[in-house]
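Protein chains: 2
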Amino acid sequence: MVDDGATLGGRGERGVLAEVFAAYAGLPTDGVLVGPGDDTGLLAVPTGRVLATTDTVVRDRDWRDDWSTAQDVGVKVVTQNLADLAAMGGRGTGLLVALAAPPSLPLAWARGLAEGIGYAAGLAGVPVLGGDLSSTAGDAVLVAVTALGELADGVTAPVLRSGASPGDVLAVSGPLGRSGAGLELLLGGVTEARDEQERRLLDHHRRPLTDLAQGPSAARAGATAMIDVSDGLVRDGDRVARASGVALVLDPGAVDRLAGELVPALPLDRARRQVLSGGEEHELLATFPGDRSLPEGWRRLGQVLPVGSDGADAPGVWQDGARLDPATGGWDHFEG
Amino acid sequence: MVDDGATLGGRGERGVLAEVFAAYAGLPTDGVLVGPGDDTGLLAVPTGRVLATTDTVVRDRDWRDDWSTAQDVGVKVVTQNLADLAAMGGRGTGLLVALAAPPSLPLAWARGLAEGIGYAAGLAGVPVLGGDLSSTAGDAVLVAVTALGELADGVTAPVLRSGASPGDVLAVSGPLGRSGAGLELLLGGVTEARDEQERRLLDHHRRPLTDLAQGPSAARAGATAMIDVSDGLVRDGDRVARASGVALVLDPGAVDRLAGELVPALPLDRARRQVLSGGEEHELLATFPGDRSLPEGWRRLGQVLPVGSDGADAPGVWQDGARLDPATGGWDHFEG
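Going down the list, the protein sequences come from chains L and C.
Going by our numbering, the first residue of the first sequence is number 8, and it counts up by one from there.
Going by our numbering, the first residue of the second sequence is number 8, and it counts up by one from there.
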């Protein structure tokens, strides 16, 4: 970050926007009929249906300035939003970006944020349609992104949380617990990676990038329910289980294999805990009919059972005959 | 606001969302294929094009808790967003609502906000598609709304800021300066209206409601450029003038007539200033071909001249041979 001493307040709204728009100049413009700079954007929607989601990140809750660059924050907030689209079987078609910050914020930070957003949006081929700039009275800094999208080619219906059926297989699109493990490293004072594994974990915490095409792949492969792991396997799995009225029963061996990927950066017990409860992962959790093979890259996590079987007497995520508590297995924005 | 002592932190994310969704239960669901509660919303877009805009309001910048209720804030943020759609010739089809607040925020405030949003959305017939809830580390409270929309029936192309031509007429869809005048009253200690005029001004500052159908009306009547007056006549007019490369020349008589509507709540000189610079009005400013009559309810403000004529030697808003300075005639979010 080149900090030239300029602030948002010194540059003024129009000056800041000029810098921000420059960071988005290289993005694709497919479908953008009216881009940033007018009252609203206008986006072509050839499929006749638009997916829409919004996610906000807040300084000192979702990132710390001493651990994350502005670019990191930009990547993270875009991934969060695009993963929600992927979890429906969709792909991004446009982003709206709102920044709220005090006038004293370094202009270089706003520029870095836009660069990070532009980088992640560019990887996914998604244009920026517009945004908003607001000043905050205290020192709060927030970035609220809205992502618009469409169901991907070959996906005819959105994959909801409510479609899991007994007999389905539970699977995940990639590793779990990386972001939580990275946060544990940071909290333990490891801000610089000492090996390749630590680097991967710290990177995934700071700027998660996942394979967003796995959502449409899963949808085309017949996924019956899907969610992105933003609040932890147990907590997000619990949402699928309750919406579908089923029990998701984890295979302890599968959990241990995922945990093993976090060792030795974390000891095995903490690695297991991160696999179950670590948030901000943004891999996809999905259920598939039991008679089909999983799409490439997906790992089997367990099975979907009817409530009442094998001692699973309520919808939820179960392991070894016990229901895993979503309240302690994940992150509640207000209960902590 | 019935404050039962509950807070966001005490109720937890799921509990808060249940209350919030209840406030939206009466909204229309036209076009909503997937509503709140899954990873994203899914909205039908029969026209094949979606308008999208986002606007954020921040406590102690955009409202003060001692002057505005939570319901007021909800109405205001919805009007801000829908007015942007109207200014393109559009109408709302869906809203996304993000609230960021400390865990100590009274639940009653969040409920009141949702009620205000539901009220304004209901007037406009717009469903809520989804949202986000985040906690802030300090005491910042922010509401970021994204509005999706479509060009209204009979509107074939969006009305941009850049389409004004010499020979056009400049007009506004209603009164100007009410919100700014209401703010002046509040700053002067008048928090309770003493007459009907003060009541209208305070109401428009706290919870602006404008006739959003005037945007599509203007578009159908051939409006060549349009913007909503969110930062003041001079500042927003300047944006149209620069985008179109023209001079907007105000008729002093028209400005005085608008100012007269703010008298005697304000003295005439301060009323004139509010007409020119008062923001958060959310009436529409548009240019129309000079040979047509204005749509019902619109008031003529002046004319569009080529740059270089009548001493208007630069794009901008002009009156009595002088260019009005957008920096002092309006509100810059960072220059103050």
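For each residue, glycine too, the CB sits at the ideal point set by N, CA and C.
Contact under 8 Å by Cβ, residue i with residue j
i: Ala261 (chain L); j: Gly328 (chain L); result: no
i: Gly137 (chain L); j: Thr61 (chain L); result: no
i: Thr173 (chain C); j: Ser142 (chain C); result: Note on residue identity: the sequence assigns Pro, not Thr, to residue 173 (chain C). It is not a contact, given that the beta carbons lie outside the stated cut-off.
i: Gly285 (chain C); j: Ser186 (chain C); result: yes
i: Leu34 (chain L); j: Pro134 (chain L); result: yes
i: Gly252 (chain C); j: Val314 (chain C); result: yes
i: Glu288 (chain L); j: Leu140 (chain L); result: no
i: Gly161 (chain L); j: Gln221 (chain L); result: no
i: Ala30 (chain C); j: Gly125 (chain C); result: yes
i: Gly101 (chain C); j: Leu158 (chain C); result: no
i: Ala178 (chain C); j: Arg306 (chain C); result: yes
i: Val241 (chain C); j: Leu331 (chain C); result: yes
i: Asp175 (chain L); j: Thr63 (chain L); result: no
i: Val41 (chain C); j: Ala144 (chain L); result: no
i: Val256 (chain C); j: Ala319 (chain C); result: yes
i: Leu193 (chain L); j: His211 (chain L); result: no
i: Ala117 (chain C); j: Leu103 (chain C); result: no
i: Val23 (chain C); j: Leu114 (chain C); result: yes
i: Gly244 (chain C); j: Thr217 (chain C); result: no
i: Ala188 (chain C); j: Leu273 (chain C); result: yes
i: Gly99 (chain L); j: Ala59 (chain L); result: no
i: Val236 (chain L); j: Glu191 (chain L); result: no
i: Leu15 (chain C); j: Ala108 (chain C); result: yes
i: Ala248 (chain C); j: Gly323 (chain C); result: yes
i: Ala147 (chain C); j: Ala147 (chain L); result: yes
i: Gly239 (chain L); j: Leu167 (chain L); result: no
Beta-ladder partner(s) of residue i, from DSSP
i: Ile234 (chain L); result: L:Leu292
i: Thr153 (chain C); result: C:Thr61, C:Leu103
i: Pro113 (chain L); result: L:Thr14
i: Pro313 (chain L); result: L:Val253
i: Ala108 (chain C); result: C:Ser142
i: Ala400 (chain C); result: Residue coverage of chain C in this structure runs from 8 to 343, which leaves residue 400 (chain C) outside it and unanswerable.
i: Gly137 (chain L); result: L:Leu103
i: Gly97 (chain C); result: C:Leu158
i: Arg306 (chain L); result: L:Val179
i: Trp70 (chain L); result: L:Arg66
i: Arg264 (chain L); result: DSSP output for Arg264 (chain L) lists no bridge partner at all.
i: Arg56 (chain C); result: L:Ala51
Near the ligand HEM: residue i beta-carbon under 7 Å from a heavy atom
i: Thr100 (chain L); result: Here there are no bound small molecules, and the ligand HEM is not part of this structure.
- Query: Should the region 297-309 of chain C be called in touch with the region 197-217 of chain C, which here means at least 3 C-beta pairs below 8 Å?
  - Reply: no
- Task: Mind listing, in chain order, the continuous beta strand (DSSP E) runs of no fewer than 3 residues lying wholly within the region 24-52 of chain L?
- Result: 39-41, 48-51
- Query: Taking any Cβ of chain L, which residues in the region 108-129 of chain C have a Cβ under 7 Å from it, in chain order?
  - Reply: Pro110
- Item | Contact residues within the region 53-64 of chain C, judged by C-beta distance below 9 Å to chain L | Pro53, Thr54, Gly55, Arg56, Val57, Leu58, Ala59, Thr60, Thr61, Asp62, Thr63, Val64
- Query: Quick one, which residues of the region 35-49 of chain L are near chain C if we go by CB-CB under 7 Å, in chain order?
  - Reply: Leu40, Val41, Asp45, Asp46, Thr47, Gly48, Leu49
- Message: At 4 residues or longer, what runs of the alpha helix (DSSP H) sit wholly inside the region 158-242 of chain L?
- Response: 185-194, 203-213, 221-227
- Query: In the region 158-191 of chain L, which residues sit with their C-beta less than 7 Å from some C-beta in chain C, listed in chain order?
  - Reply: Pro165, Leu167, Arg168
- Message: To be precise: take each residue of the region 140-152 of chain L, compare its Cβ to all Cβ atoms of chain C, and keep it if any distance is under 8 Å. Which residues remain?
- Response: Leu140, Ser141, Ser142, Thr143, Ala144, Gly145, Asp146, Ala147, Leu149, Ala151
- Message: If contact is defined by three or more beta carbon pairs under 8 Å, each pair taking one atom from either stretch, is the region 52-61 of chain C in contact with the region 54-70 of chain L?
- Response: yes
- Positions along the region 82-93 of chain L whose CB lies within less than 7 Å of some CB in chain C: Asp91, Leu92
- Query: How do the region 84-94 of chain L and the region 75-88 of chain C stand: do at least 3 beta-carbon pairs fall below 8 Å, yes or no?
  - Reply: no
- Item | Against chain L: residues of the region 65-76 of chain C by CB proximity under 9 Å | Sequence-ordered contacts of the region 65-76 of chain C with chain L read Val65, Arg66, Asp67, Arg68, Asp69 [C-beta pairs closer than 9 Å].
- Message: Across the region 115-131 of chain C and the region 63-82 of chain L, are there enough close Cβ pairs to call them in contact, namely three or more that are closer than 8 Å?
- Response: Between the region 115-131 of chain C and the region 63-82 of chain L there are fewer than three C-beta pairs closer than 8 Å, too few to call the two in contact.
- Message: Short of 7 Å Cβ to Cβ, which residues in the region 220-247 of chain C face chain L?
- Response: Ile234, Asp235
- Cβ pair count under 8 Å reaching 3, the region 227-247 of chain L against the region 164-179 of chain L: Of all C-beta pairs linking the region 227-247 of chain L to the region 164-179 of chain L, three or more are shorter than 8 Å, placing the two stretches in contact.
- Message: Along the region 286-313 of chain C, where does the CB come closer than 8 Å to a CB of chain L? Name the residues.
- Response: none
- Answer yes if the region 267-279 of chain L comes into contact with the region 22-29 of chain C, meaning at least three C-beta pairs across the two stretches below 8 Å, and no otherwise. no
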